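Residue numbers for the sequence shown follow numbering that gives the first Met the number 0, beginning at 0 and rising by one.
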Amino acid sequence: MDPLSPIQPEEIILRRVPKQRGMSLDLKSVQPGAFTPNEHDTDGLSVHRAGIHTSKQVAQDFRGGKGTQPVWVAHLRASDILALGVTIQPNAVPESTDPPRPAQPGHALIPEMNAGNATSNQTEERKRLLAEAVFRVDGPFDPPPPKASPAPATG
Numbered sequence: 000m001d002p003l004s005p006i007q008p009e010e011i012i013l014r015r016v017p018k019q020r021g022m023s024l025d026l027k028s029v030q031p032g033a034f035t036p037n038e039h040d041t042d043g044l045s046v047h048r049a050g051i052h053t054s055k056q057v058a059q060d061f062r063g064g065k066g067t068q069p070v071w072v073a074h075l076r077a078s079d080i081l082a083l084g085v086t087i088q089p090n091a092v093p094e095s096t097d098p099p100r101p102a103q104p105g106h107a108l109i110p111e112m113n114a115g116n117a118t119s120n121q122t123e124e125r126k127r128l129l130a131e132a133v134f135r136v137d138g139p140f141d142p143p144p145p146k147a148s149p150a151p152a153t154g
């Protein structure tokens with residue numbers, strides 16, 4: 000799959016879900032809070048294409064060192080997301096060293112849900128509908144182990 004190709008309705012879309020923000024008390028279902036844009040989501044809500052990335056990659060590898068709690072990964076059909084009148088734009092992310100993070104060729108954005116409208120009535124309704132559209136949840140995935148610090152130079 001070409002990471003820059005348009006997202007098709009039959010694709011599966013993945014969203015990382017932290018426990019404190021988006022999982023039900025029984026840890027079996029996703030709550031609307033899982034789709035709340037944060038202050039870094041200025042260009043749109045981050046999601047990933049399942050045809051390019053695994054749940055484990057989304058849960059652990061792409062966290063950029065953030066978080067010490069387990070996370071889950073929600074699966075949605077692109078057609079259900081598109082039915083809300085939003086778009087899903089491919090947005091490949093290059094490898095980063097600060098914070099350390101591998102390339103994310105299957106990263107995508109939902110630009111209509113962003114930091115600027117995170118609390119609007121329309122975004123609140125979309126969050127509710129997205130939570131209802133989740134058909135599978137993988138996890139929990141523990142955070143990746145801390146990277147070992149380089150040994151101090153001896154001399």
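Here a beta-carbon is modelled for each residue, glycine too, at the ideal position from N, C-alpha and C. Just so you know, these numbers come straight off a predicted model, no measurement behind them.
So what does DSSP say about residue i, is it helix, strand or coil?
{"i": "Q30", "result": "coil"}
{"i": "G138", "result": "strand"}
{"i": "V57", "result": "helix"}
Whose C-alpha, out of the options, is nearest the C-alpha of residue i?
{"i": "S45", "options": "H52, P36, P99 and I51", "result": "P36"}
{"i": "A132", "options": "E94, P93, Q121 and A82", "result": "A82"}
{"i": "G138", "options": "V16, F61, R100 and S95", "result": "V16"}
{"i": "F134", "options": "I80, P143, F140 and Q59", "result": "I80"}
{"i": "S95", "options": "F61, I87, Q68 and E38", "result": "F61"}
Could you give the distance in angstroms between the alpha-carbon of residue i and the alpha-carbon of residue j?
{"i": "G43", "j": "I109", "result": "5 angstroms"}
{"i": "D97", "j": "K27", "result": "33 angstroms"}
{"i": "P93", "j": "R100", "result": "9 angstroms"}
{"i": "V29", "j": "V136", "result": "8 angstroms"}
Return the chain-ordered list of same chain residues with a C-beta closer than 8 angstroms to the C-beta of residue i, the five sequence neighbours on each side being excluded.
{"i": "L3", "result": "P89 and A91"}
{"i": "G84", "result": "E111"}
{"i": "E123", "result": "P31"}
Using C-beta distances below 6 angstroms, list every residue in its chain close to residue i, excluding the 5 sequence neighbours before and after it, in chain order.
{"i": "P31", "result": "K126, R127 and A130"}
{"i": "W11", "result": "Correcting the residue type first, residue 11 is Ile in the shown sequence and not Trp. Cβ neighbours of I11 beyond the five flanking positions: A49 and H74."}
Is the closest heavy atom of the ligand HEM to the C-beta of residue i under 6 angstroms?
{"i": "P104", "result": "No copy of the ligand HEM occurs in the structure displayed, which carries no ligand at all."}
Output needed for residue i: all residues of its chain with C-beta closer than 7 angstroms, excluding positions within five of it in sequence on either side, in chain order.
{"i": "A58", "result": "R15, V70, V72, G138 and F140"}
Quiz item: Are three or more beta carbon pairs between the region 86 to 105 and the region 114 to 131 nearer than 8 angstroms?
Solution: no
For the region 7 to 24 and the region 116 to 123, state whether three or more C-beta atom pairs, one from each stretch, are separated by less than 8 angstroms.
no
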